[in-house]
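Trainee:
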Amino acid sequence: MIDPTRSDPTRSSHYATGPAGASAHTPYSAVAPQVRRPLAAVLRVLLAAAAATGVALEISLSADLPRVLSDFSVQAGAAFALCALWSAYRAGSGRRPVSPRITGALLLYVLGAALLHHALPAPAPGDATLPDASSPTGTVADQLLHTAVPLGAVLDWLLLTTPRQYRLRHTWQWLVYPVLYLLFALLRGALLTPGTPGRYPWPLLNTVTHGYPAALTHALLCLLGLYLLAVALLAIDQFRPAPPRPGYRISRTGIGPLK
């Protein structure tokens with residue numbers, strides 16, 4: 000009879016010999032020494048600062064705080080700043096990275112917000128509830144949230160994170176927040192008085208101009224585009240090369256510390 004508790008030699012690539020006394024059945028990640036990554040920590044602090052500055056400038060320029068706080072770019076930027084700070088702390092202290100389920104979602108959101116911002120027409124002139132993107136401060140806020148932060152997030156993902164961490168299930172799980180946001184935006188627009196400036200966050204959701212069938216169709220197309228972007232991130236993550244990790248070597252049996 001085969002003993003199910005014995006180690007399977009065909010699966011040895013999933014395990015590594017750890018410190019003395021570690022079980023042969025223990026994954027290497029459970030016994031791996033802490034490796035501090037100060038460069039990654041510094042870069043993520045800078046990314047967090049850029050995102051937080053962009054959000055703060057957007058808020059300072061807006062005449063309607065609830066309106067600007069309901070903006071997708073502002074929400075995504077604020078969440079990304081918090082996550083980047085937490086990731087910086089973990090990298091600097093040698094702790095395990097933040098779950099790719101979370102970091103991948105925020106990467107998708109800041110990228111999606113940037114693409115929508117550059118693809119959609121500018122807000123109607125004279126809308127005092129929106130930041131003035133033509134002013135120097137507004138231009139800085141716009142470039143931080145919709146150019147610098149998305150590009151920095153992509154570089155951080157490609158150069159400083161382990162590949163093949165995303166899963167197919169993540170792609171639809173990441174859409175939960177965008178679905179809730181679109182429902183919130185449509186409900187908020189329905190409850191506000193017609194003619195209220197900034198009633199809808201994006202012109203394509205304006206039910207007065209397009210009607211509910213067209214607005215809902217636009218919302219579904221936005222979700223489809225975001226899902227395709229999520230699938231593209233998943234595909235790239237499966238084939239991109241692994242960044243070098245200081246103090247580690249790669250062998251046939253996995254990644255282990257230099258001896």
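Under numbering that gives the first Met the number 0, think of the first position of the sequence shown as 0, with each following residue one higher.
C-beta atoms are modelled at their ideal positions from N, C-alpha and C, and glycine is treated no differently.
1) From residue 206 to residue 51, what does the alpha carbon distance come to, in whole angstroms?
2) Specify the secondary structure class of residue 70 as computed by DSSP and reduced to three states.
3) Less than 7 Å separating the beta-carbons of residue 173 and residue 104?
4) Within its chain, find whatever has a CB closer than 6 Å to the CB of residue 151; leave out the 5 residues flanking it on each side and keep chain order.
5) If I follow the unbroken alpha helix (DSSP H) through residue 56, where does it start and stop?
6) Whole angstroms are fine: how far does the CA of residue 63 sit from the CA of residue 56?
7) Kindly provide the ranges of any alpha helix (DSSP H) runs that are 4 or more residues long and lie completely inside the stretch 77-128, ordered along the chain.
8) Please report how far the alpha carbon of residue 194 lies from the alpha carbon of residue 208, in whole angstroms.
9) Starting from residue 63, trace the alpha helix (DSSP H) in both directions and tell me its first and last residue.
10) Which first and last residues belong to the alpha helix (DSSP H) in which residue 243 is found?
11) Would you kindly check if the distance between the Cβ of residue 165 and the Cβ of residue 233 is under 7 Å?
12) Around the C-beta of residue 198, are 16 or more other C-beta atoms found within 10 angstroms, so that it is buried, or is it exposed?
13) Would you check if the stretch 217-235 and the stretch 84-99 touch, i.e. whether three or more CB-CB distances between them fall below 8 Å?
14) Please classify residue 279 as buried or exposed, where buried requires at least 16 other C-beta atoms within 10 Å of its C-beta.
15) Taking buried to mean at least 16 other C-beta atoms within 10 Å of its own C-beta, is residue 59 buried or exposed?
16) Which class does residue 181 belong to by DSSP, given the choice of helix, strand or coil?
17) Quick one: measure Cβ to Cβ for residue 144 and residue 72, integer angstroms, because I've assumed they're closer than 8 Å.
18) Considering only residues of the same chain and omitting the five flanking positions on each side of residue 162, which have a CB-CB separation below 6 Å?
19) Can you give the beta carbon distance from residue 49 to residue 90, rounded, assuming they're within the 8 Å contact cut?
20) To the nearest angstrom, how far is the alpha carbon of residue 225 from that of residue 243?
21) For the alpha helix (DSSP H) containing residue 226, name the first residue and the last one.
22) Which residue from 196, 176, 204, 170 puts its Cα closest to that of residue 186?
23) What did DSSP end up calling residue 187 once you bin it into helix, strand or coil?
24) Tell me the residue span of the alpha helix (DSSP H) that contains residue 151.
25) My understanding is that residue 75 touches residue 118, with C-beta atoms under 8 Å, so please give their C-beta distance in whole angstroms.
26) Is the beta carbon of residue 170 sitting closer than 7 Å to the one on residue 78?
27) Leaving out the 5 sequence neighbours to the left and right, which residues in its chain are closer than 7 Å to residue 20 when beta-carbon positions are compared?
Mentor: Looking at the atomic coordinates:
1) 32 Å
2) coil
3) yes
4) 46
5) 37-60
6) 13 Å
7) 99-118
8) 11 Å
9) Careful: residue 63 lies outside any alpha helix (DSSP H) and carries neither H nor E.
10) Careful: residue 243 lies outside any alpha helix (DSSP H) and carries neither H nor E.
11) yes
12) buried
13) no
14) No answer is possible for residue 279: it lies beyond the span of the chain, which begins at 0 and ends at 258.
15) exposed
16) helix
17) 5 Å
18) 236, 239, 241
19) The pair is not a contact, with the Cβ atoms about 17 Å apart (cut-off 8 Å).
20) 30 Å
21) 211-238
22) 204
23) helix
24) 148-159
25) About 16 Å; that fails the 8 Å criterion.
26) no
27) Here the model assigns residue 20 a pLDDT of 45, short of 50, so the residue's position is not dependable, and the following value carries that caveat. If we look at residue 20 and ignore the five residues flanking it on each side, it has no Cβ neighbours.
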